[in-house]
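Asks: Got a structure for you, written out below as structure tokens; questions coming shortly.
Chains as they are written, first to last, in the working numbering: chain U, 1 to 99; chain R, 1001 to 1308.
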């Protein structure tokens, strides 16, 4: 496995906070976890009516799903297994090189 | 040779540096290669100068890629642009005019340590790799470390954050080296372009405040031409405008610093996509992404040669 399989089960969430309350709640939820912000680059830059993409470690994915559902915040999972995506990209590269 | 180089795959730092040496060796009429300093971990910071040699001082355009390590499409674009510039010099009259009248300074990998780390250890690493004396967290955001409204809104003073501004402005040797080079050549450099991902946007100053830049009309017009040229390739619509209002407020950015230091056209591209793949943009999209971006950069460079 690439990168020692460190991303197995990690997910990328896309979240849509619709108002100030949801922005604040989201900052609270994500601020207490070791999430990797993809867009925007940090919790402080989250605004209403913009999309938030975060990479969540496998141990935290269930908790994030639960909290977002509990708070009725609109979200989806963009990448369901990050390791799989990384392997796919590199597998494709290897096959091209062989060819 | 460079003709067998595969521009449609992502390359490691070692491969990119070998490619730079090869391009420099095989294209002596159009290419010059030099180092502007060393990274925190001691790697050379290479720049390619592309353009027809001239006795008089030509206007210049600076392009940097790979400021943020995980944005792999950036270095892929810089390599693509060099290939296009050299390869189309004979056939494309626009490119020929650009290379005859301008010098392009191209830095394919700005954050060399971070890029290497993203290949070997952490695919999603963003910052440089400098050590902090008080915290175990490493690295500084190389796009928050410039001496312009340093470490204010949109930057973090905490070393463990991804937007950490560093202990002081230009604390990172990579930023310091580029700033020194740009300061030295600022009379000639008319455009500064920094390549990032992802959001599909073309941004210009200011990043740190909502005010309008003095030469807004010229810059806005150049941005409009660039996104129109980009659209003409594959029909992709880029948003464009001041970084503060189009993306978000951030301080200590390179475009604000370059603008403040007298470079009239400064832009940051946020390349594909809008999040479907995010930083894992498939290699099959390198060609369309770089092709359309090349058109946009050519439009900006053409704008530099016009009076506004």
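Every residue gets a Cβ at the ideal spot worked out from N, C-alpha and C, and that includes glycine.
#1: Can the beta-carbon of residue 1221 of chain R be found closer than 7 Å to that of residue 1243 of chain R?
#2: Taking residue 1228 of chain R as the query, report the chain U residues whose CB atoms sit under 8 Å from its CB, ordered along the chain.
#3: Locate the beta strand (DSSP E) running through residue 53 of chain U, then write down its first and last residues.
#4: How about residue 40 of chain U: is its C-beta nearer than 7 Å to some C-beta of chain R?
#5: Chain U partners of residue 1280 of chain R, CB-CB under 7 Å?
#6: Is there at least one Cβ from chain U nearer than 7 Å to residue 1124 of chain R's Cβ?
#7: Going by the beta-carbon positions, is the gap between residue 1112 of chain R and residue 1013 of chain R smaller than 7 Å?
#8: In whole angstroms, what is the alpha-carbon distance linking residue 1304 of chain R and residue 1083 of chain R?
#9: For residue 1234 of chain R, count neighbouring C-beta atoms within 10 Å of its own C-beta (all shown protein chains included) and say buried if the count is 16 or more, exposed if not.
#10: Scan the segment 19-39 of chain U for residues whose Cβ lies nearer than 7 Å to a Cβ of chain R and list them as they occur along the chain.
#11: Quick one: what does DSSP say residue 1274 of chain R is sitting in, helix, strand or coil?
#12: Are there three or more Cβ pairs, one per stretch, closer than 8 Å when the segment 1021-1035 of chain R is compared with the segment 1290-1302 of chain R?
#13: Alpha carbon to alpha carbon, how far is residue 1266 of chain R from residue 1120 of chain R?
#14: Using a Cβ-Cβ cut-off of 7 Å, state whether residue 106 of chain U counts as contacting chain R.
#15: Give me whichever residues DSSP pairs with residue 1062 of chain R in a beta bridge.
#16: To the nearest angstrom, how far is the alpha carbon of residue 1062 of chain R from that of residue 1205 of chain R?
#17: Going by C-alpha to C-alpha distance, which of R/1040, R/1059, R/1066 sits closest to residue 968 of chain R?
#18: Measuring only the C-alpha atoms, how far is residue 39 of chain U from residue 1247 of chain R?
#19: Quick one: does residue 68 of chain U have its CB under 7 Å from some CB of chain R?
#20: Using the Cα positions of residue 16 of chain U and residue 68 of chain U, report the straight-line distance between them to the nearest angstrom.
#21: Can you give me the Cβ contacts of residue 1017 of chain R inside the same chain, cut-off strictly under 7 Å, excluding the 5 residues immediately before and after it?
#22: Starting from the beta carbon of residue 78 of chain U, find every residue of chain R whose beta carbon is closer than 9 Å, and list them in chain order.
#23: Identify each residue in the segment 1151-1164 of chain R for which the Cβ-Cβ distance to at least one residue of chain U is less than 7 Å, and report them in chain order.
#24: Look at the Cβ atom of residue 1251 of chain R, then the Cβ atom of residue 1090 of chain R, and state whether they are nearer than 7 Å.
#25: With which residues is residue 1099 of chain R paired in a DSSP beta bridge?
#26: Name the two residues that bound the continuous beta strand (DSSP E) containing residue 32 of chain U.
#27: Taking DSSP as the reference, what is the three-state secondary structure of residue 16 of chain U?
#28: Looking at chain R, which residues of the segment 51-67 of chain U have a Cβ within less than 9 Å of any of its Cβ atoms?
#29: Indicate the three-state DSSP secondary structure (helix, strand or coil) for residue 1211 of chain R in the structure shown.
#30: So which residues of chain R does residue 3 of chain U contact, with C-beta pairs closer than 9 Å?
#31: State the Cα-Cα distance for the pair residue 1188 of chain R and residue 66 of chain U, rounded to the nearest angstrom.
#32: Would you kindly work out how many angstroms separate the C-alpha atoms of residue 1002 of chain R and residue 1073 of chain R, rounded to a whole number?
#33: Start and end of the beta strand (DSSP E) containing residue 1240 of chain R?
#34: Check whether the Cβ of residue 1005 of chain R lies closer than 7 Å to any Cβ atom in chain U.
#35: Exposed or buried, which one is residue 83 of chain U when buried takes at least 16 other CB atoms within 10 Å?
#36: Using a Cβ-Cβ cut-off of less than 8 Å, give me the residues of the segment 1173-1207 of chain R that come near chain U, in sequence order.
Replies: So, from the data block:
#1: What you label residue 1221 of chain R is simply residue 221 of the second chain in a count that begins at 1. What you label residue 1243 of chain R is simply residue 243 of the second chain in a count that begins at 1. No, these two residues do not count as a Cβ contact at 7 Å.
#2: On the second chain, position 228 is the one that residue 1228 of chain R refers to. Those do not exist, as residue 1228 of chain R stays about 25 Å from chain U at its closest Cβ, beyond 8 Å.
#3: To locate residue 53 of chain U, count along the first chain from 1; it is residue 53. Counting along the chain, the beta strand (DSSP E) containing residue 53 of chain U begins and ends at 52-56.
#4: Reading the first chain from its first residue, position 40 is the one you call residue 40 of chain U. Yes, its Cβ sits closer than 7 Å to a Cβ of chain R.
#5: For the purposes of this step, residue 1280 of chain R is identified with residue 280 of the second chain, where counting begins at 1. 85, 86, 89, listed in chain order.
#6: Translated into the one-based positions of the second chain, residue 1124 of chain R becomes position 124. True, the Cβ-Cβ gap to chain U drops below 7 Å.
#7: As a working mapping, residue 1112 of chain R is identified with position 112 in the second chain. As a working mapping, residue 1013 of chain R is identified with position 13 in the second chain. Yes. Within cutoff.
#8: The residue labelled residue 1304 of chain R in the question sits at position 304 within the second chain. The residue labelled residue 1083 of chain R in the question sits at position 83 within the second chain. Distance between the alpha carbons of residue 1304 of chain R and residue 1083 of chain R: 21 Å.
#9: Position 234 of the second chain, counted from the start, is the residue given in the question as residue 1234 of chain R. Classification of residue 1234 of chain R: exposed, given that the 10 Å Cβ count is below 16.
#10: 36, 37, 38, 39
#11: On the second chain, position 274 is the one that residue 1274 of chain R refers to. Here residue 1274 of chain R sits in coil by DSSP.
#12: no
#13: Numbered from its first residue, the second chain carries residue 1266 of chain R at position 266. Numbered from its first residue, the second chain carries residue 1120 of chain R at position 120. Approximately 32 Å between the Cα atoms of the pair.
#14: In the structure displayed, chain U extends from 1 to 99; residue 106 of chain U sits before or after that span and is not available.
#15: What you label residue 1062 of chain R is simply residue 62 of the second chain in a count that begins at 1. Answer is R/1105, R/1192.
#16: Numbered from 1 along the second chain, position 62 holds the residue referred to as residue 1062 of chain R. Numbered from 1 along the second chain, position 205 holds the residue referred to as residue 1205 of chain R. Residue 1062 of chain R and residue 1205 of chain R: Cα-Cα distance of roughly 16 Å.
#17: Chain R is shown from 1001 up to 1308; residue 968 of chain R falls before or after that span and cannot be answered.
#18: The residue labelled residue 39 of chain U in the question sits at position 39 within the first chain. The residue labelled residue 1247 of chain R in the question sits at position 247 within the second chain. Computed Cα separation, rounded: 10 Å.
#19: As a first step, residue 68 of chain U is located in the first chain; it is residue number 68 there, counting from the start. Taking Cβ atoms only, chain R never reaches closer than 7 Å to residue 68 of chain U, which makes this a no.
#20: If you number the first chain from 1, residue 16 of chain U lands on position 16. If you number the first chain from 1, residue 68 of chain U lands on position 68. Each residue's alpha carbon lies about 10 Å from the other.
#21: Position 17 of the second chain, counting from 1, holds the residue named residue 1017 of chain R. Within the same chain, residue 1017 of chain R has close Cβ partners 1046.
#22: Against the first chain, residue 78 of chain U aligns to sequence position 78. Result: 1275, 1276, 1277, 1278.
#23: 1154, 1156, 1161, 1162, 1163
#24: Residue mapping note: residue 1251 of chain R aligns to position 251 of the second chain, counting from 1. Residue mapping note: residue 1090 of chain R aligns to position 90 of the second chain, counting from 1. Not a contact, by the Cβ cut-off of 7 Å.
#25: By 1-based counting over the second chain, the position of residue 1099 of chain R is 99. Answer by DSSP bridge pairing: none, since residue 1099 of chain R is not bridged.
#26: Taking the first residue of the first chain as 1, we reach residue 32 of chain U at position 32. First-last for residue 32 of chain U: undefined, no H or E at that position.
#27: Taking the first chain and counting its residues from 1, the one referred to as residue 16 of chain U is at position 16. Here residue 16 of chain U sits in strand by DSSP.
#28: 51, 53, 55
#29: Reading the second chain from its first residue, position 211 is the one you call residue 1211 of chain R. Residue state, collapsed to three classes: coil.
#30: Indexing the first chain from 1 puts residue 3 of chain U at position 3. Residues of chain R passing the Cβ test: 1120, 1121, 1122, 1123.
#31: By 1-based counting over the second chain, the position of residue 1188 of chain R is 188. By 1-based counting over the first chain, the position of residue 66 of chain U is 66. For residue 1188 of chain R and residue 66 of chain U, the distance between alpha carbons rounds to 56 Å.
#32: Counting from 1 along the second chain, the entry for residue 1002 of chain R is found at position 2. Counting from 1 along the second chain, the entry for residue 1073 of chain R is found at position 73. A caution first: residue 1002 of chain R carries a pLDDT of 47, below 50, which makes its placement in the model unreliable, though a value can still be read off. So the alpha carbons of these two residues sit roughly 19 Å apart.
#33: As a working note, residue 1240 of chain R is residue 240 in the second chain. It spans 1239-1242 - the beta strand (DSSP E) in which residue 1240 of chain R sits, taken as one unbroken run.
#34: Here residue 1005 of chain R refers to the residue found at position 5 of the second chain. Not one chain U Cβ lies under 7 Å of residue 1005 of chain R.
#35: The residue labelled residue 83 of chain U in the question sits at position 83 within the first chain. Burial call: buried.
#36: 1198, 1199
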